[in-house]
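Asker:
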Amino acid sequence: MVSRARRSRYAARKERAGFRLGIVGIVIAAILGIGCLGTLGVCFAWLQDLPDYTDASAYNVAEKTKVYASDGTTLLAELYLENRDPIELSEMGDYVTKGTVATEDERFYEHNGVDLWGILRAVWVNVTGTGHEGASTITQQFVRNTILSDEMQESTLKRKVREAYIAIQLEQMYSKDEILQMYLNTINYGQGAYGIQAAAELYFSKNAKDLTIAEAATLIGIPQAPTYNNPIDNPDNCLERRNLVLDRMLTNGVITQEEHDAAQAEPISLNVTMSDSNDGLYQYKYFTSYVRDTLLEDYSSDEVFKGGLTVITTLDVNTQNAAEQAADAKLSGLSDNLELAMVAVDPDTGFIKAMVGGRDYDTDEYNLATQAKRQPGSSFKTFTLLAALNDGVSPQTNLNCTSHVNIDGWEVENYGGSDYGTRSIASAFAVSSNTGFAELCTEIGPSKVAEMANTCGIEQELQAYPSITLGAQEVTVREMAQAYATIANGGTKREAVCIQSITDASGNTIFTADTTGEKVLDTSLTQAATEVMEGVITNGTGRSAAISNGQPAAGKTGTSENWRDKWFCGITPQMSVAIWIGGREEVQMPSYVAADDVFGDFMSTILEGQPIEQFPTSDEELEYTTTDFGHGEGATGEAPEHEGDTVQTPDEETTTDTPSDSGTTPGDGTNTGGGNTGGGDTGGGGDTPTEPEDPDPEEPEQPPVESQSYYVRRVA
Numbered sequence: 002m003v004s005r006a007r008r009s010r011y012a013a014r015k016e017r018a019g020f021r022l023g024i025v026g027i028v029i030a031a032i033l034g035i036g037c038l039g040t041l042g043v044c045f046a047w048l049q050d051l052p053d054y055t056d057a058s059a060y061n062v063a064e065k066t067k068v069y070a071s072d073g074t075t076l077l078a079e080l081y082l083e084n085r086d087p088i089e090l091s092e093m094g095d096y097v098t099k100g101t102v103a104t105e106d107e108r109f110y111e112h113n114g115v116d117l118w119g120i121l122r123a124v125w126v127n128v129t130g131t132g133h134e135g136a137s138t139i140t141q142q143f144v145r146n147t148i149l150s151d152e153m154q155e156s157t158l159k160r161k162v163r164e165a166y167i168a169i170q171l172e173q174m175y176s177k178d179e180i181l182q183m184y185l186n187t188i189n190y191g192q193g194a195y196g197i198q199a200a201a202e203l204y205f206s207k208n209a210k211d212l213t214i215a216e217a218a219t220l221i222g223i224p225q226a227p228t229y230n231n232p233i234d235n236p237d238n239c240l241e242r243r244n245l246v247l248d249r250m251l252t253n254g255v256i257t258q259e260e261h262d263a264a265q266a267e268p269i270s271l272n273v274t275m276s277d278s279n280d281g282l283y284q285y286k287y288f289t290s291y292v293r294d295t296l297l298e299d300y301s302s303d304e305v306f307k308g309g310l311t312v313i314t315t316l317d318v319n320t321q322n323a324a325e326q327a328a329d330a331k332l333s334g335l336s337d338n339l340e341l342a343m344v345a346v347d348p349d350t351g352f353i354k355a356m357v358g359g360r361d362y363d364t365d366e367y368n369l370a371t372q373a374k375r376q377p378g379s380s381f382k383t384f385t386l387l388a389a390l391n392d393g394v395s396p397q398t399n400l401n402c403t404s405h406v407n408i409d410g411w412e413v414e415n416y417g418g419s420d421y422g423t424r425s426i427a428s429a430f431a432v433s434s435n436t437g438f439a440e441l442c443t444e445i446g447p448s449k450v451a452e453m454a455n456t457c458g459i460e461q462e463l464q465a466y467p468s469i470t471l472g473a474q475e476v477t478v479r480e481m482a483q484a485y486a487t488i489a490n491g492g493t494k495r496e497a498v499c500i501q502s503i504t505d506a507s508g509n510t511i512f513t514a515d516t517t518g519e520k521v522l523d524t525s526l527t528q529a530a531t532e533v534m535e536g537v538i539t540n541g542t543g544r545s546a547a548i549s550n551g552q553p554a555a556g557k558t559g560t561s562e563n564w565r566d567k568w569f570c571g572i573t574p575q576m577s578v579a580i581w582i583g584g585r586e587e588v589q590m591p592s593y594v595a596a597d598d599v600f601g602d603f604m605s606t607i608l609e610g611q612p613i614e615q616f617p618t619s620d621e622e623l624e625y626t627t628t629d630f631g632h633g634e635g636a637t638g639e640a641p642e643h644e645g646d647t648v649q650t651p652d653e654e655t656t657t658d659t660p661s662d663s664g665t666t667p668g669d670g671t672n673t674g675g676g677n678t679g680g681g682d683t684g685g686g687g688d689t690p691t692e693p694e695d696p697d698p699e700e701p702e703q704p705p706v707e708s709q710s711y712y713v714r715r716v717a
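Residue numbers for the sequence shown follow my numbering, so the first one is 2 and each next one is one higher.
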């Protein structure tokens with residue numbers, strides 16, 4: 002039941018409405034009958050600053066922006082401030098269209114936008130107290146809801162005159178059916194639903210054309226007072242209003258007496274469908290929220306939330322599902338305070354095909370794949386490798402990979418104190434020697450490493466400190482996937498993007514992603530680097546990244562200080578993937594946690610049954626001018642062949658999430674027999690590759706190395 006106070010307020014509103022209608026009637030009588038020059042002058046002044054009502058876009062109303070997957074049919078999100086789904090008049094059904102006219106404006110098809118007889122009738126009814134009746138035509142209501150919406154709350158004679166004038170002009174521009182269609186797609190049906198289709202879906206979970214007589218009458222009655230007549234919150238008021246609508250439908254011949262009586266006998270039976278997301282993100286929320294934020298960088302909030310855009314994203318549903326399955330499988334074996342983020346990019350287009358931003362978006366809506374910056378650890382050694390190769394340094398050049406080095410006051414250690422002796426760059430990369438790559442970085446200059454990383458696609462402004470090679474500076478997962486994609490495709494840098502195309506509410510394409518890219522590295526350079534990077538998976542720290550169908554893959558593991566961040570960045574010709582495991586806060590993980598197996602599981606799933614592809618190659622070969630840093634000539638083969646360089650499964654980058662049963666740590670053995678040994682093996686047992694990270698490497702007290710002249714080889 003409605004309270005007495007509420008009924009009093011409603012009655013007061015009716016009295017004020019009657020008074021306003023009386024004023025309108027008097028003014029119109031003065032204009033038409035008396036011809037008062039003063040009144041005409043005032044009205045003329047009120048019409049001087051009207052909006053441009055001749056522009057069709059002036060009558061546009063807020064429409065939802067719809068976000069789809071790359072297939073163009075899978076709906077990912079609807080972005081809106083007003084829930085609206087415009088449809089054609091023919092899709093609304095006769096009960097809705099004819100019932101609305103019968104209730105709101107029975108002379109709609111007879112007047113020219115303003116119904117003078119309706120005004121006089123409304124004045125008489127309201128002044129005499131025999132009832133309450135509005136005087137605004139459907140056309141006037143439409144004008145008020147659109148072009149004069151900013152003045153909607155102004156209960157002034159000026160607004161009424163402006164509204165009436167534009168309504169008359171509007172009737173010269175559009176047909177009656179066009180105006181009725183626009184009106185029914187515009188009005189407020191309560192609960193955030195605007196337009197008849199949105200209302201039908203909300204209250205009855207069906208299309209407007211499928212509404213019964215009783216259901217149509219229920220919705221027709223709401224706009225007169227969307228809160229007061231709301232069927233969810235005020236069912237008694239709604240029932241009373243519905244029955245009044247049915248009476249008017251009967252009086253105007255829309256329905257028969259039998260239909261009227263049957264409909265009035267029905268209770269209001271709702272089948273409410275409320276959105277399960279108050280932000281309009283329905284699926285893959287980490288990705289769709291990133292799309293939303295990307296849209297807001299280039300378009301106004303009105304365009305995004307009211308513009309009725311159609312956005313085709315880059316997300317591939319099958320690839321996304323495979324990424325989430327691989328992530329869930331990994332997280333199921335980890336403590337709850339650990340998270341996983343992943344970005345998969347098509348190297349040939351830059352399209353983000355999959356994104357995982359954490360365990361649960363609804364927890365705090367923070368995307369660890371795009372917003373969080375973390376130390377990439379040894380996965381950044383890839384850019385040192387590229388810079389060295391580009392500088393003419395052969396991958397067979399030997400490095401000092403002993404357990405500990407001091408470079409101009411900078412103390413660097415291999416993980417676990419492992420002593421790898423003298424190794425080629427390729428071998429040092431496979432076992433991830435900190436000391437060897439610290440030497441390599443200082444030999445070529447940290448500035449070249451920083452510039453190479455930026456050239457490939459790292460967007461952060463990097464400082465040219467020697468520790469850059471150990472991944473001491475923070476980056477996002479998306480950036481790493483973007484940068485590695487440049488290597489995967491043979492040297493063309495493309496921005497990792499989430500949107501393919503955008504069309505406006507009128508169907509005009511206003512954006513199409515540019516997939517051309519920029520050739521920044523010679524293919525011979527990426528080929529040489531890829532061959533070294535493949536060793537990480539074939540016989541290095543990332544063996545669990547191997548793909549089940551035999552597809553060649555390359556990559557690099559990474560671990561930050563105190564095992565706070567674990568990475569694997571891997572590439573195939575089809576995909577560039579960056580994976581990070583860690584905590585939202587700083588959390589030390591068990592050393593056996595690794596990310597390479599996630600890559601292996603994910604890529605094995607999406608490439609199952611697909612043909613094998615090869616990395617891009619070049620007919621030209623790199624010219625190496627440096628083959629020795631003073632440690633002797635390096636090996637000439639692609640991979641070390643002597644027994645001492647046989648790489649065993651790493652302890653720190655193990656392929657499972659359970660600790661090693663050996664009870665040893667890398668580097669427990671001594672250098673005997675067949676070369677460097679690790680993990681306690683002796684006498685030719687081989688090297689144990691580690692993912693060594695210098696815990697909190699100390700920087701020498703000196704300014705950053707100045708940028709040096711640096712040229713990236715390009716294809717002619």
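Don't be surprised by glycine CBs; every beta carbon is placed ideally from N, CA and C.
Here's a check: name, in chain order, each residue in its chain whose Cβ is nearer than 8 Å to the Cβ of S502, leaving out the five neighbours to either side.
Answerer: Here residue 502 refers to the residue found at position 501 of the sequence shown. Correct list, in chain order: V312, I313, T510, F512, T513 and A514.
Asker: Skipping 5 residues on each side, what residues in its chain have a beta carbon closer than 6 Å to that of Q265?
Answerer: Stepping through the sequence shown from its first residue, residue 265 is reached at position 264. Answer for Q265: N244 and L247, listed in chain order.
Asker: Within 10 angstroms of its Cβ, does W118 collect 16 or more other Cβ (buried), or is it exposed?
Answerer: Here residue 118 refers to the residue found at position 117 of the sequence shown. Counting Cβ neighbours within 10 Å, W118 comes out exposed, since fewer than 16 surround it.
Asker: Which residues in the same chain have their Cβ closer than 7 Å to the Cβ of E1, if we skip the five residues on either side of it in sequence?
Answerer: The first residue shown for the chain is 2 and the last is 717, placing residue 1 beyond what the model contains.
Asker: Count the C-beta pairs between the segment 227–244 and the segment 207–214 that are closer than 8 Å, then say yes if the count reaches three, no if not.
Answerer: No contact exists between the segment 227–244 and the segment 207–214.
Asker: What three-state label does DSSP hand K286 in the structure shown?
Answerer: Here the question's residue 286 lines up with position 285 in the sequence shown. Helix at K286.
Asker: For P696, collect the residues of the same chain with a Cβ closer than 7 Å to its Cβ; drop the 5 residues on either side in sequence, then sort them by chain order.
Answerer: Residue numbering aside, residue 696 sits at position 695 when the sequence shown is read from its first letter. Only weak support exists for where P696 lies, its pLDDT of 36 falling under 50; the value from the coordinates is given anyway. So the list reads E562 and N563, once near-sequence residues are dropped.
Asker: Output yes if chain D places a C-beta closer than 9 Å to the C-beta of G491; else output no.
Answerer: Reference to chain D is not applicable here, since this structure consists of a single protein chain.
Asker: D72 and V346: beta carbons closer than 9 Å?
Answerer: Residue 72 sits at position 71 when you count from the first residue of the sequence shown. Residue 346 sits at position 345 when you count from the first residue of the sequence shown. Taking 9 Å as the Cβ cut-off, D72 and V346 do not qualify as a contacting pair.
Asker: Within 10 angstroms of its Cβ, does G114 collect 16 or more other Cβ (buried), or is it exposed?
Answerer: One-based indexing of the sequence shown puts residue 114 at position 113. Burial call: buried.
Asker: Mapping DSSP to helix, strand and coil, what is D262?
Answerer: To locate residue 262, count along the sequence shown from 1; it is residue 261. Three-state DSSP puts D262 in a helix.
Asker: Give the single residue among R495, G254 and V406 whose Cα lies nearest to the Cα of G1.
Answerer: Because the chain here runs from 2 to 717, residue 1 falls outside it and cannot be looked at.
Asker: Helix, strand or coil: how does DSSP classify N253 here?
Answerer: Here the question's residue 253 lines up with position 252 in the sequence shown. Reduced to three states, the DSSP call for N253 is coil.
Asker: Whose CA, out of Q376, W568 and K67, lies closest to the CA of F600?
Answerer: Here residue 600 refers to the residue found at position 599 when the sequence shown is read from its first residue. The option with the nearest alpha carbon to F600 is W568.
Asker: Per DSSP, what are the beta-bridge partners of A194 in this structure?
Answerer: By one-based count along the sequence shown, residue 194 stands at place 193. The partner list for A194 (beta bridge, DSSP) reads N84.
Asker: Assuming T573 and M604 make a contact with CB atoms under 8 Å, what is their CB distance in whole Å?
Answerer: In the sequence shown, counting from the first residue as 1, residue 573 sits at position 572. In the sequence shown, counting from the first residue as 1, residue 604 sits at position 603. Rounded, the Cβ-Cβ distance is 6 Å, consistent with contact.
Asker: What residues are listed by DSSP as bridge partners for L76?
Answerer: Within the sequence shown, residue 76 is the residue found at index 75, counting from 1. Per DSSP, Y69.
Asker: Please report the straight-line C-alpha distance between A497 and A484, rounded to a whole angstrom.
Answerer: Translated into positions along the sequence shown, residue 497 becomes position 496. Translated into positions along the sequence shown, residue 484 becomes position 483. Their backbone Cα atoms lie some 9 Å apart in a straight line.
Asker: CA-CA distance, N272 and F205?
Answerer: The sequence position of residue 272 within the sequence shown is 271, counting from 1. The sequence position of residue 205 within the sequence shown is 204, counting from 1. Distance between the alpha carbons of N272 and F205: 4 Å.
Asker: Helix, strand or coil for Q397 per DSSP?
Answerer: Residue numbering aside, residue 397 sits at position 396 when the sequence shown is read from its first letter. If DSSP states are grouped into helix, strand and coil, Q397 belongs with the strands.
Asker: Check whether the Cβ of Q461 sits closer than 8 Å to any heavy atom of the ligand ADP, and report yes or no.
Answerer: Among the ligands in the structure shown, none appear at all, so the ligand ADP cannot be discussed.
Asker: According to DSSP, is R360 helix, strand or coil?
Answerer: If you number the sequence shown from 1, residue 360 lands on position 359. Here R360 sits in coil by DSSP.
Asker: Between S619 and D523, which are expected to be in contact by the criterion C-beta below 8 Å, what is the C-beta distance as a whole number of angstroms?
Answerer: Here residue 619 corresponds to residue number 618 of the sequence shown, with the count starting at 1. Here residue 523 corresponds to residue number 522 of the sequence shown, with the count starting at 1. Contact holds; Cβ gap of about 7 Å.
Asker: Give the range of the alpha helix (DSSP H) segment to which N540 is assigned.
Answerer: Locating residue 540 in the sequence shown gives position 539, counting from the first residue. Unbroken alpha helix (DSSP H) run through N540: T524 to N540.
Asker: How big is the Cα-Cα spacing for L332 and L341?
Answerer: Along the sequence shown, one-based indexing puts residue 332 at 331. Along the sequence shown, one-based indexing puts residue 341 at 340. In a straight line, the C-alpha of L332 is about 7 Å away from that of L341.
Asker: Output the residue ranges of the beta strand (DSSP E) runs that lie fully inside the segment 464–521 and measure 3 residues or longer, sorted by chain position.
Answerer: Those beta strand (DSSP E) runs which fall completely within the segment 464–521 and span 3+ residues are 500–504 and 510–513.
Asker: Could you check if G611 is buried or exposed, using at least 16 other CB atoms within 10 Å of its CB as the buried criterion?
Answerer: Within the sequence shown, numbered from 1, the residue matching residue 611 stands at position 610. Sequence inspection shows Gln at residue 611; the Gly mentioned does not correspond to that position. Q611 should be labelled exposed.
Asker: Which word fits M275, buried or exposed, when buried means at least 16 other C-beta atoms lie within 10 angstroms of its C-beta?
Answerer: As a working mapping, residue 275 is identified with position 274 in the sequence shown. So M275 ends up on the exposed side.
Asker: Short of 7 Å in beta carbon distance, which residues of its chain neighbour D602, apart from the five on each side in sequence? Order them along the chain.
Answerer: As a working note, residue 602 is residue 601 in the sequence shown. For D602, where only same-chain residues beyond five positions count, the Cβ hits under 7 Å are A327 and A330.
Asker: Would A57 be called buried (16 or more neighbouring beta carbons within 10 Å of its own) or exposed?
Answerer: Here residue 57 is taken as the residue at index 56 of the sequence shown, counted from 1. Exposed.
Asker: Under three-state DSSP, which class holds V588?
Answerer: Taking the first residue of the sequence shown as position 1, residue 588 is located at position 587. Reduced to three states, the DSSP call for V588 is coil.
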